[in-house]
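One structure is given here, and the rest of the page talks about it.
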Amino acid sequence: MLHMKTPANRKRLIEEENNENPQSLSQRQENNLASASDSAPETKSTNRVSYSTSSQSSTNIPIAIASILPETQSFAANNTDLETWRAAQQRILLEPFVYLTQQRGKEIRSKLISAFDFWLRVPPAKLKVISEIVEMLHTASLLIDDVQDNSELRRGIPVAHKIYGIASAINSGNYVYFLALKKASTLAIPEILDIFSDELINLHKGQGMEIHWRDNAICPTEAEYLQMVSNKTGGLLRLAVRMMQAASSVKDGNFVHLVDKLGIHFQMRDDYLNLVSQE
5 MLHMKTPANR KRLIEEENNE NPQSLSQRQE NNLASASDSA PETKSTNRVS YSTSSQSSTN
65 IPIAIASILP ETQSFAANNT DLETWRAAQQ RILLEPFVYL TQQRGKEIRS KLISAFDFWL
125 RVPPAKLKVI SEIVEMLHTA SLLIDDVQDN SELRRGIPVA HKIYGIASAI NSGNYVYFLA
185 LKKASTLAIP EILDIFSDEL INLHKGQGME IHWRDNAICP TEAEYLQMVS NKTGGLLRLA
245 VRMMQAASSV KDGNFVHLVD KLGIHFQMRD DYLNLVSQE
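Under my numbering, think of the first position of the sequence shown as 5, with each following residue one higher.
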């Protein structure tokens, strides 16, 4: 008999499942992680993410996480049920994002920011905020990218959506996009929000075209490929440099064209390695 997944039926099925298998959400995520790890034996061993708002100074917390956690700490500052609930909610929303940050990447973007600051000499406080924004956006985009690519591994461990589910991973990534936007507004530079929206739009244009070509078995022209790469990979690099230029008092050079070429180089290199990889 066919059962339609109406909201009422879905709720009933969930309740029945919970009654038959009364595991907590945490235990289910533990099991998902173990299952994902078993199916990918080449991955590194890992534990379910845990962090507290009182340990933000830990050297194991990446820069983007350290910048988000104070918000959860302020939520929990007052010992009311509402504030405690908010802190717990924030932790749940961020957990797929935090999980991915536990395995550090190559940090190319942060290194490029430091390199371009040799010329731009951005005030340290503003440079720190820009670096955090770029890392937040990059990691959040990986959460969604892994879903769109149906990936199994990211940085040697099971992808976040295999542990927390597709819906939670996407929501966490989108949530961090808006946390980054809120952080960008603190720079108090008029053109910053235009830069942010311009390059996030470009990023989605590039990603959308790549998905379209892949799913419809279309081989783009060289010009189309380069435009896609410029949008997809160059977007965050341009965002970083454009924000730095807006925050800098140095106005005798425009480095956007250079960073765009670097983005194209990185993506072409990754695409080539994917083609020749034996894994």
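The beta-carbon is built from N, C-alpha and C at its ideal position, and this holds for glycine as well.
query	result
Determine the contact status of Val138 and Ala244, defining contact as a CB-CB distance below 8 angstroms.	yes
Determine the burial state of Lys265: buried for a count of at least 16 other Cβ atoms within 10 Å of its Cβ, exposed for fewer.	exposed
For Lys236, does the count of other Cβ atoms within 10 angstroms reach 16, so buried, or fall short, so exposed?	buried
Which of helix, strand or coil does DSSP assign to Thr50?	In this predicted model, Thr50 has a pLDDT of only 36, less than 50, meaning its place in the structure is not dependable enough to derive any value.
By a C-beta neighbour count over all protein chains shown, 10 Å radius and 16 as the cutoff for buried, is Arg95 buried or exposed?	buried
Alpha carbon to alpha carbon, how far is Ser54 from Leu104?	Because the pLDDT at Ser54 is just 42, under 50, the model does not fix this residue reliably, and the value given afterwards should be weighed accordingly. Going from the Cα of Ser54 to the Cα of Leu104 covers about 12 angstroms.
Quick one: grab the DSSP three-state call for Ala80.	For Ala80, the pLDDT reaches just 39, beneath the cut-off of 50, and the residue's location in the model is therefore unreliable, leaving the point undetermined.
Whole angstroms are fine: how far does the CA of Ala171 sit from the CA of Met8?	In this predicted model, Met8 has a pLDDT of only 39, less than 50, meaning its place in the structure is not dependable; the value taken from the coordinates is given anyway. The straight-line gap from Cα to Cα measures roughly 20 angstroms.
Specify whether the region 216-236 and the region 156-176 touch according to this definition: at least 3 beta carbon pairs, one from each stretch, less than 8 angstroms apart.	no
What are the partner residues of Leu207, as DSSP defines its beta bridges?	None, per the DSSP bridge assignment.
Counting only runs that start and end within the region 130-169, where is the alpha helix (DSSP H) found for 4 or more residues in a row?	164-168
How about Ile268 and Leu240: do their beta carbons lie closer than 8 angstroms?	no
Quick one: using the 10 Å Cβ neighbour count with 16 as the cut-off for buried, is His216 buried or exposed?	exposed
Would you mind giving the Cβ-Cβ distance between Lys130 and Leu191, rounded to the nearest angstrom? I have them listed as a contact below 8 angstroms.	6 angstroms
For Asp219, which of Gln152, Ala164 and Lys209 has the nearest alpha-carbon?	Gln152
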